[in-house]
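A.B. asks:
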Amino acid sequence: MTEAYRVGDELPPLEIPVTRTLIVAGAIASRDYQDVHHDAELAREKGSPDIFMNILTTNGLVGRYITDHFGSAAVLRKVAIRLGAPNYPGDVLRLTGRIVALEDVALEGENRSLIEVAVTGDNRIGRHVTGKVTVAIPVAIPVAIPGAVTVAITEGGGA
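Quick note: the sequence shown uses this note's numbering, first residue 66, plus one each step.
#1: What is the residue span of the alpha helix (DSSP H) that Thr-132 lies within?
#2: Locate the alpha helix (DSSP H) running through Arg-109, then write down its first and last residues.
#3: To the nearest angstrom, how far is the alpha carbon of Ala-139 from that of Leu-121?
#4: Which residues in the same chain have their Cβ closer than 6 Å to the Cβ of Arg-159, if we skip the five residues on either side of it in sequence?
#5: Run through DSSP, which three-state label would Val-200 get?
#6: DSSP beta-bridge partners for Arg-96?
#7: Are the Cβ atoms of Asn-119 and Val-144 separated by less than 8 Å?
#8: Which runs of the beta strand (DSSP E) fall wholly inside the stretch 152-178 and span at least 3 residues, in chain order?
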């Protein structure tokens with residue numbers, strides 16, 4: 066099955082429960098040993114009500130959101146995010162996206178569609194993340210429609 070994408074298309078939302086385990090595991094996986102990401106008592110001493118998610122975990126979740134939508138052949142080309150409200154244990158991060166640009170290009174010897182998606186993520190406090198992600202996906206191959214004529218053009222120019 067192929068999918069036609071257009072500027073303005075909305076991606077379905079993804080809701081991710083923010084657990085204490087997710088916050089700590091993300092910090093450890095990204096080698097971010099700042100105490101505010103794993104020690105609630107020290108986080109409170111520094112003015113936070115609890116531990117909170119680091120930017121690298123958020124970056125990974127944004128990337129997951131995009132690749133889950135566009136499939137296993139999708140390659141992230143650029144992820145640019147900005148954090149806002151912190152993600153605390155018990156929050157639910159709700160990611161949404163909208164296609165803002167499309168371009169067909171040749172990348173590494175293959176025809177690809179570059180798709181730029183504006184992404185936002187909200188929690189109970191407000192806007193946690195804002196950004197843009199560029200993903201490369203293989204150019205869609207037309208699906209044969211019964212009764213229609215399909216012509217395939219090969220690299221040599223023949224049909």
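Every residue gets a Cβ at the ideal spot worked out from N, C-alpha and C, and that includes glycine. The structure presented is a predicted model; accordingly, all values stated were derived computationally and were not measured.
C.D. replies: Taking the definition as stated:
#1: 120-135
#2: 105-110
#3: 20 Å
#4: Pro-78, Glu-80 and Asp-187
#5: strand
#6: Bridge partners of Arg-96: none, in fact.
#7: no
#8: 157-172
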